[in-house]
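As structure tokens, the structure follows; a few thoughts come after it.
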Amino acid sequence: MRLATPRHRIAELLAYRELVVNLAARDLKLKYKRSSLGIAWSLLNPLFMMAIYTAVFSVFLKAVQAPNYWALVLGGLLAWLFFANSVGSATVSFIGGSNLISKVYFPIESLPIASVLSNFVNFAISVAVLLVVLAVARL
Numbered sequence: 104m105r106l107a108t109p110r111h112r113i114a115e116l117l118a119y120r121e122l123v124v125n126l127a128a129r130d131l132k133l134k135y136k137r138s139s140l141g142i143a144w145s146l147l148n149p150l151f152m153m154a155i156y157t158a159v160f161s162v163f164l165k166a167v168q169a170p171n172y173w174a175l176v177l178g179g180l181l182a183w184l185f186f187a188n189s190v191g192s193a194t195v196s197f198i199g200g201s202n203l204i205s206k207v208y209f210p211i212e213s214l215p216i217a218s219v220l221s222n223f224v225n226f227a228i229s230v231a232v233l234l235v236v237l238a239v240a241r242l
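All residue numbers for the sequence shown refer to this note's numbering, where the first residue is 104 and numbers rise by one.
So this is what it looks like as structure tokens:
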């Protein structure tokens, strides 16, 4: 038995790209189906965290005197939340897809890639909103 080369694995993933997109879409639908606020929660969560961090570090502790500190905090939070959510959901994706893994052949890498892709959609929406807010605030 020969081990698959990285080039072969990438070609196989490209052949199954429709599956990856469908798995990512399924993840997004399931996530927002269980949430009462839907996609708004993906926008509100970083905003609440930004408000707390900004209040604690610039108002209460007076540790930061930077103008527009909230914009720095929000940009960093969005990147961190994308990374943390992607790693967390990618590691659990094998358990969530165990039924599918045992019944059908597909590249197993499709599961974590689909999880990261669904998190990227949330990240892209959040960054788009951030860019609009920054443009309105003229920053």
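For glycine and all other residues, C-beta sits at the position ideal for the given N, C-alpha and C.
| Asked | Found |
| --- | --- |
| Mapping the DSSP letters down to three states, classify PRO170 as helix, strand or coil. | coil |
| If I follow the unbroken alpha helix (DSSP H) through ALA143, where does it start and stop? | 143-157 |
| If LEU146 and VAL232 are in contact, beta carbons under 8 Å, what's the gap, nearest whole angstrom? | 6 Å |
| Could you have a look at ILE211 and say whether DSSP puts it in helix, strand or coil? | coil |
| Taking MET152 as the reference, which of GLY178, LEU164, LYS165 and ALA128 has the closest Cα? | GLY178 |
| Taking C-beta to C-beta, are ALA193 and SER161 nearer than 9 Å? | no |
| Is the CB-CB distance between LYS134 and SER221 below 9 Å? | yes |
| Hey, LEU131 and VAL224: beta-carbon distance below 9 Å or not? | yes |
| Identify whether TRP220 lies in helix, strand or coil by the three-state DSSP scheme. | Going by the sequence as given, residue 220 is Leu instead of Trp. Looking at LEU220 - three-state DSSP - the assignment turns out to be helix. |
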